[in-house]
Amino acid sequence: MKFADLVAKVRRFRIVKTAVVGLTATAVDLLTLTVLVQFVGFGPRVANVPALVLGVSVQFWGNRCYVFEAQAGHLWKQLAGFIAIELGSVGLIALSFHFAVALIPLHYIYVRLICTTCVFFLFSYPMWHLNFLPWGKNSAIDPS
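The number in our numbering is simply the position in the sequence shown, starting from 1, with 26 added.
Structural data, given as structure tokens:
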């Protein structure tokens, strides 16, 4: 097996692990939102915040411990970096959606999915590498 083939396998595996974490975080977010609204009696606006926080927490810990296996890194630096990346992602999604929804003749949900996917692959995922895999032994140079 060539080195390039091995690198490609690792990259595919990491992106699959990222997808698993993302889907799990989304499920936790939506399940929490549903439980708080349907069973606890919170209004959707009030329930939204704890649901988002729980979902983002799953995303952070999943990326740190499962996707990038970066438990040896400095927790608070990784958390601060992750929060900054997520804030940047939200801003980029909002900005790209603002323009794209007027330019792309699709339903707004599809436009939102396109914008979110583009921001994920062009910004969030590469930045997570820099956040969880510092330069050095497990270098972030690998852009998988």
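Glycine included, every Cβ here is placed at the ideal spot set by N, Cα and C.
Under the three-state reduction of DSSP output, L56 falls in the helix class. Excluding five sequence positions before and after A73, the CB atoms of its chain that fall closer than 7 Å to its own CB belong to L59, L62 and V63, given in chain order. Annotated three-state conformation of K43 is helix, per DSSP.
Just so you know, the alpha carbons of F123 and L56 end up roughly 22 Å apart.
The C-beta of L132 has fewer than 16 other C-beta atoms within 10 Å across all chains shown, which makes the residue exposed. Rounded to the nearest whole angstrom, the C-alpha separation of L148 and D31 is 23 Å. Secondary structure at E112: helix, using DSSP grouped into helix, strand and coil. F158 carries a helical assignment under DSSP once its states are collapsed to helix, strand and coil.
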